[in-house]
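Chemist: This is the structure I have questions about; it appears just below.
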Amino acid sequence: MEQMELTGEILPGIPVEVHPFPPFLPETARVLILGTFPPAAEKRAMDFYYPNFQNDMWRILGMVYFSDPDHFRKGMEKAFDPTRIRLFLAETGIALGPTVLRAQREKGNASDKFLHVVEEASLAAMLRQIPHCRLLITTGEKATEIVLHQCTNPPKLPRTGTSVPITLDGRDLLLSRLPSTSRAYPMKLEKKAEMYKEVLLQAAPPDAGLGSRGAGLDV
């Protein structure tokens with residue numbers, strides 16, 4: 001991943017961690033979902049984005065596209081199936097990437113509130129690999145702030161559930177700030193799924209070759 005200049009000083013006495021996952025960038029992606037930093041290795045149920053079994057990202061996408069919050073679950077295990085997830089993302093045109101390349105955990109947990117950003121990830125470098133992308137989705141305030149930091153003439157921070165036009169690396173895009181998929185964010189799963197559905201099914205509708213799984217979904 002392309003490196004940028006350090007965006008924050010290194011705090012003494014706290015390890016600097018590097019984001020463990022490279023961006024997932026299908027060439028035909030129309031949407032790029034951006035978060036910040038994954039939990040520590042011992043909290044991960046797989047080696048892919050949103051790996052904590054308590055995080056609801058894959059339940060939400062299961063509800064949006066398949067009407068099933070357990071669609072991406074790995075059998076009866078408390079884990080998700082990264083192979084199934086990657087195939088779905090590639091077929092549907094959804095890319096995933098980090099906004100933070102290097103960081104320090106001030107409290108040792110996955111909370112964005114206590115995540116000290118040492119180096120931002122280069123969003124321009126990601127976008128150059130997905131030329132059809134016109135929508136960025138952020139899953140929290142810190143990720144949204146970092147996107148705006150890398151924009152040309154950035155707008156004000158949008159409220160959760162709203163979208164704003166932006167320009168990044170010379171490309172005109174739409175930035176949608178959606179609620180965090182962490183259970184620490186105080187919103188019912190069904191409401192989160194409704195908000196993600198409204199944005200995703202317009203920008204990345206189910207592939208026609210994959211049947212009618214996106215039609216008439218109730219989330």
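Oh and the sequence shown: position 204 is 204 in UniProt numbering, straight run, nothing missing.
The beta carbon of each residue, even a glycine, is placed where N, CA and C say it ideally should be.
#1: Do valine 199 and cysteine 133 count as a contact pair if the criterion is CB distance below 8 Å?
#2: Write down every uninterrupted run of the alpha helix (DSSP H) in the segment 35-123 whose length is 4 residues or greater and which is fully enclosed by it, in chain order.
#3: With DSSP as the reference, label isoleucine 14 as helix, strand or coil.
#4: Could you spell out the range, first to last residue, of the alpha helix (DSSP H) harbouring phenylalanine 166?
#5: Can you round the beta-carbon distance between tyrosine 50 and methionine 57 to whole angstroms, since I take them to be within the 8 Å contact cut?
#6: Grouping DSSP H, G and I as helix and E and B as strand, with all else coil, what is isoleucine 33?
#7: Would you say proline 26 and alanine 90 are within 8 Å of each other, going by their C-beta atoms?
#8: Candidates Ser122, Gly62, Pro179: which alpha carbon is nearest threonine 138's?
#9: Please list, in chain order, all residues of the same chain as serine 176 whose beta carbon is under 6 Å from its beta carbon, the five residues on each side excluded.
#10: In terms of residue numbering, what span does the alpha helix (DSSP H) encompassing threonine 144 cover?
#11: In the DSSP assignment, find the unbroken alpha helix (DSSP H) run with leucine 178 in it and report its ends.
#12: Name, in chain order, the residues that DSSP records as bridge partners for leucine 135.
#13: Would you mind sorting methionine 76 into buried or exposed? The rule is 16 or more other CB atoms within 10 Å of its CB.
#14: How long is the line joining the alpha carbons of threonine 152 and methionine 46, rounded to whole angstroms?
#15: Quick one: is valine 16 buried, meaning 16 or more other Cβ sit within 10 Å of its Cβ, or exposed?
#16: My output table needs one value for alanine 215: the three-state DSSP class, helix, strand or coil.
#17: Locate the alpha helix (DSSP H) running through glutamate 9, then write down its first and last residues.
#18: Quick check: the segment 184-199 against the segment 17-24, are there 3 or more CB pairs under 8 Å?
#19: Using the Cβ count rule (16 or more neighbours within 10 Å means buried), how would you classify isoleucine 10?
Modeler: So, from the listed chains and residues:
#1: no
#2: 57-66, 82-92
#3: coil
#4: According to the sequence provided, residue 166 is isoleucine. The question's phenylalanine does not apply to it. Segment 162-168 is the beta strand (DSSP E) holding isoleucine 166; no alpha helix (DSSP H) there.
#5: 4 Å
#6: strand
#7: yes
#8: Pro179
#9: Ile137, Ser163, Val199
#10: 141-149
#11: Run containing leucine 178: none; DSSP gives neither H nor E here.
#12: Val31, Leu174
#13: exposed
#14: 36 Å
#15: exposed
#16: Reliability of the predicted coordinates at alanine 215 is poor, the pLDDT of 37 falling under 50, and no value is obtained from them.
#17: Counting along the chain, glutamate 9 falls outside any alpha helix (DSSP H), and DSSP gives it neither H nor E.
#18: no
#19: exposed
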